[in-house]
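Visitor: Sharing a structure here in structure tokens format.
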Amino acid sequence: MEEIIKKAHELGELLAKSEELLQYQEMELAFGTDEEAQAAVSDYEKKSMALSEEMRSSAMTPESLETFRNRMNELMTELTKNKTARAYLEAKSGFNRLIGQVNEILAFHIRGEEAGGSCSGNCGSCGGCH
Numbered sequence: 060m061e062e063i064i065k066k067a068h069e070l071g072e073l074l075a076k077s078e079e080l081l082q083y084q085e086m087e088l089a090f091g092t093d094e095e096a097q098a099a100v101s102d103y104e105k106k107s108m109a110l111s112e113e114m115r116s117s118a119m120t121p122e123s124l125e126t127f128r129n130r131m132n133e134l135m136t137e138l139t140k141n142k143t144a145r146a147y148l149e150a151k152s153g154f155n156r157l158i159g160q161v162n163e164i165l166a167f168h169i170r171g172e173e174a175g176g177s178c179s180g181n182c183g184s185c186g187g188c189h
């Protein structure tokens, strides 16, 4: 068990020095000081939650699902017009992809099978990260 804990610490140190984390932290600082970007993300979250609630309360058809996807993509397009918000979300997505890959590798070695599905980095079809 000691060897596992030692390797976990080594992995943590490597992740802490990763370009993905450093970029995410840099963008997080920029985002934290940009009120316009924060307002854009807040507006996106409110609108996407309202849209999701609207979809849950109506009968789901292939057409309504397509409409929902299109409206979510429009919301994401509007959000990413803000340069700081876009850079922040891209950096966050990059770090999340790295963590996802590490988790998939661990799952493979534990279960002997690759985990199915991971974040594509395109929040237009998800909205579950934030």
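Residue numbers (our numbering): 60 to 189.
Ideal Cβ placement from N, Cα and C applies to all residues, glycine included.
Kindly confirm or deny that the stretch 87-106 and the stretch 131-150 touch, where touching means at least three C-beta pairs closer than 8 angstroms.
Guide: Result yes; three or more Cβ-Cβ pairs closer than 8 angstroms.
Visitor: For Glu62 and Gly153, which I take to be in contact (beta-carbon distance under 8 angstroms), what is that distance rounded to the nearest angstrom?
Guide: Numbered from 1 along the sequence shown, position 3 holds the residue referred to as residue 62. Numbered from 1 along the sequence shown, position 94 holds the residue referred to as residue 153. With 8 angstroms as the limit, Glu62 and Gly153 do not qualify as a contact, their Cβ atoms being about 30 angstroms apart.
Visitor: Less than 6 angstroms between C-beta atoms, sequence neighbours within five positions excluded: which residues of the same chain meet that for Ala96?
Guide: Locating residue 96 in the sequence shown gives position 37, counting from the first residue. Answer for Ala96: Phe90, Asn141, Thr143, Ala144, listed in chain order.
Visitor: Spatial neighbours of Met114 within its chain, please: CB distance less than 6 angstroms, with the 5 preceding and 5 following residues excluded, ordered by chain position.
Guide: Working through the sequence shown from its first residue, we reach residue 114 at position 55. Closer than 6 angstroms at the Cβ level, and outside the excluded window around Met114, lie Phe127.
Visitor: If you compare alpha carbons, which of Leu70, Ile64, Met60, Lys65 is closest to Asn162?
Guide: The residue you call residue 162 lines up with position 103 of the sequence shown. The shortest Cα separation from Asn162 among Leu70, Ile64, Met60, Lys65 belongs to Leu70.
Visitor: If you run the structure through DSSP and keep just helix, strand and coil, what is Ser77?
Guide: The residue you call residue 77 lines up with position 18 of the sequence shown. Ser77 falls in the coil class under three-state DSSP.
Visitor: I need the straight-line Cα distance from Gln160 to Met131, nearest angstrom please.
Guide: Here residue 160 refers to the residue found at position 101 when the sequence shown is read from its first residue. Here residue 131 refers to the residue found at position 72 when the sequence shown is read from its first residue. Approximately 26 angstroms between the Cα atoms of the pair.
Visitor: Within 10 angstroms of its Cβ, does Leu138 collect 16 or more other Cβ (buried), or is it exposed?
Guide: Position 79 of the sequence shown, counting from 1, holds the residue named residue 138. Looking at its Cβ environment, which holds 16 or more other Cβ atoms inside 10 Å, Leu138 is buried.
Visitor: So for Glu172, helix, strand or coil by DSSP?
Guide: Start at 1 with the first residue of the sequence shown, and residue 172 comes out as number 113. Note: Glu172 maps to coil in three-state DSSP.
Visitor: Taking the alpha helix (DSSP H) that Asp102 falls in, what are its first and last residues?
Guide: Walking along the sequence shown from the start, residue 102 turns up at place 43. Segment 94-115, the alpha helix (DSSP H) holding Asp102.
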